[in-house]
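A short worksheet on the structure shown next.
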Amino acid sequence: MVLVYGNQIKYRIKREKKTIKWFDPSKGYGFLERSKGGYLFIHFASVPEMDRKFFKENTRVSYVFSHGSKRPQSNQIKVI
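Taken in order, the sequence shown gives residues 35 to 114; the numbers are from my numbering.
Pasting the structure below:
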């Protein structure tokens, strides 16, 4: 969805909410299960530093779906 205000264009990104299925902090990555089926890759680089200490299995997060170079992945992850 694109919203136009004057000369500025703002994009409203639809965020999905799910629970982390598996995450290994020593390796820095994990997966969450989508309601549409399949898994999404999670990497520590997509998580803000202040949320990293709360990042573990069964934590509820919101994210933006994107297509990575190898597989679908989640970006802009935030703990809710």
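Glycine included, C-beta positions come from ideal geometry on N, C-alpha and C.
Excluding sequence positions up to five before and after Phe88, its CB lies within less than 6 Å of the CB of Val113, all in the same chain and listed in chain order. According to the DSSP assignment, Ser103 belongs to no beta strand (DSSP E), since it is labelled neither H nor E.
Bridge partners of Arg94 according to DSSP: Thr53. Residue pairing for Ser108: DSSP places it in a beta bridge opposite Phe99. Annotation for Gly64: the continuous beta strand (DSSP E) segment containing it runs Tyr63 to Glu67.
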